[in-house]
Amino acid sequence: MEKAGLEQGTTVMADKGYDSSENMKALSSMRLKGRIMHKAQKNRSLTERERAVNKAVSKVRYAVERTYGSMHKWFGAGVARYVGLAKTHAQHIMEAIAYNLYRTPGIIVSNRIR
């Protein structure tokens with residue numbers, strides 16, 4: 864996360880796969896706001912507060928995850944087809960452009976209906 868160059872106080876959201884005390888310590892040492900979803904344990908279920916936090920985080924995360932899931936389904940995104948950072952970055956940019964072009968007609972129609 865040091866490479867990302869995030870400013871202090873930036874909110875970092877992640878799914879429950881990253882729920883660990885080490886990750887929370889790392890976020891706090893970098894002075895970042897950790898919004899990692901809570902994971903239930905075998906011997907301990909989630910509290911009402913943890914469920915509420917998970918719901919609040921998922922309301923923001925779903926839009927991003929939906930985009931990546933659609934790109935993966937439609938274009939096979941998530942697989943680097945080139946060697947090298949520059950070519951792989953260009954591939955991701957082209958996938959994002961293709962995603963936006965694919966979604967544009969539906970967005971235009973839904974905006975006209977309103």
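Plus 863 on top of the position in the sequence shown (first one is 1) and you've got my numbering.
Backbone N, C-alpha and C define an ideal beta-carbon position, used for all residues, glycine too.
Owing to the predicted nature of the structure, the values given are computational and were not obtained by experimental measurement.
field: Three-state secondary structure assigned by DSSP to M876
entry: strand
task: Measure how close the beta-carbons of R924 and M876 come, nearest whole angstrom, since I'm counting them as under 8 Å.
output: 5 Å
- request: Closer than 7 Å by C-beta to Y945: which residues in its own chain qualify, once you throw out the five before and the five after it? Chain order, please.
  value: T951, Q954
message: Taking the alpha-carbon of N917 as reference, which of E865, I970, E870, D878 has the nearest alpha-carbon?
response: D878
- request: Report yes if the C-beta distance between K896 and G868 is below 8 Å; otherwise report no.
  value: no
task: Please confirm if the stretch 927-941 is in contact with the stretch 903-914, defined as three or more CB-CB distances below 8 Å between the two stretches.
output: no
- prompt: Does DSSP classify G897 as helix, strand or coil?
  reply: strand
field: Straight-line gap, K888 to R898 (C-alpha atoms, nearest Å)
entry: 13 Å
Alpha-carbon spacing of H935 relative to G941, whole angstroms: 6 Å
E870 versus I971 - alpha carbon distance: 36 Å
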